[in-house]
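One structure is given below, encoded as C-alpha cells.
There are 2 protein chains.
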Amino acid sequence: MSGAGMSRDPLNRDQISEALAELPGWDLRDGKLHRTFEFPDFRAAFAFMTSVALRAEAMDHHPEWRNVYGRVEVWLQTHSARGVTQLDLDLARAMEDCAG
Amino acid sequence: MSGAGMSRDPLNRDQISEALAELPGWDLRDGKLHRTFEFPDFRAAFAFMTSVALRAEAMDHHPEWRNVYGRVEVWLQTHSARGVTQLDLDLARAMEDCAG
C-alpha cells in the first residue's frame, strides 16, 4: 500500500478500495473506514476495546467508536489529513488482530 | 428516589427531573439519561471508561457510549423497561464517581 507515501497522507479512493479488499467486514462510510464488531456480551466487547486502546495509544492514533453491550461500531479517519490514511489501515488491521 | 419501586421499573418524568437536579451535566435526551464527559486525552478518557466498565459489569447494567479521543458521550436507558430506571441513575452516579 503506497509505500512511498507518508503514513499521514490521505489515500485516494483506489488505494482505499485495494486495501479494503483485504479487510473483510470493513467499508468506507462518510469518508471513514467503518466496521461493526459483535461480541457475545459486554465483557468480551470491553476486553476487545481494552486491547485496541493499548495498540491505539502506542500508535498515537485513536478510533472513534460506539459501544452498546456486545456491539462495538468503529469509524477511522485521520483528522489532520481529513481523510483515510495508512495509519487508519494499520489501526483497522490491529483491531482485526485484537478481535482474533 | 422512589424507594418502594423496583430498580428496573421505569421512572416517570417528575422522578427523573428530581434526580437530574442532583446530577449536574446530565439531561434527558430521547428518553435516555445523557452526558458528555471531556478529558484531556485518550488515555484519561479510556481510564475513565475502564473504571466505569468494571462498575457496570458488577451492576449488570451497561452504558451506551461513544468515544473520540478525550470525549466520552453517554446515553443510559434500561432496555427491558423501555425507559429510565433507578439502575440508570445508579450508573450515572457511578460514572460521576469514576470521573472524579
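From first to last, the protein sequence lines are chains A and B.
Quick note, the first sequence lines up with residues 1 to 100 if you use our numbering.
Quick note, the second sequence lines up with residues 1001 to 1100 if you use our numbering.
Even for Gly, the Cβ is constructed at its ideal location relative to N, Cα and C.
All of these numbers come straight from a predicted model, not from anything done at the bench.
- Measure the C-alpha to C-alpha separation of Ala-1092 of chain B and Leu-1023 of chain B and round it to an integer number of angstroms. 8 Å
- Item | Neighbour-count burial assignment, Ala-19 of chain A, 16 or more Cβ in a 10 Å radius | buried
- Message: Per DSSP, what are the beta-bridge partners of Val-74 of chain A in this structure?
- Response: A:Arg-35, A:Trp-65
- Same chain, Cβ closer than 8 Å to Gly-70 of chain A, five either side skipped, listed in chain order: Glu-38, Phe-39, Pro-40, Asp-41, Phe-42, Ala-44, Ala-45
- Would you kindly report the start and end of the unbroken beta strand (DSSP E) that includes Arg-29 of chain A? 27 to 29
- Task: For the stretch 1016 to 1043 of chain B, enumerate the residues whose C-beta is nearer than 7 Å to any C-beta of chain A, in chain order.
- Result: Phe-1042, Arg-1043
- Under 7 Å from the C-beta of Glu-57 of chain A: neighbouring residues of chain B: Phe-1042, Arg-1043
- Query: Which stretch, first to last residue, makes up the alpha helix (DSSP H) that contains Ala-99 of chain A?
  - Reply: 86 to 99
- Message: Is there a C-beta anywhere in chain B that falls below 8 Å from the one on Thr-78 of chain A?
- Response: no
- Same chain only: Cβ atoms within 7 Å of Ser-7 of chain A, ignoring 5 sequence neighbours per side: Thr-85, Gln-86, Leu-87
- Where Ala-94 of chain A and Ala-21 of chain A are concerned, what is the direct C-alpha to C-alpha distance, given to the nearest angstrom? 16 Å
- Using a beta-carbon distance below 8 Å, is Arg-1082 of chain B in contact with chain A? no
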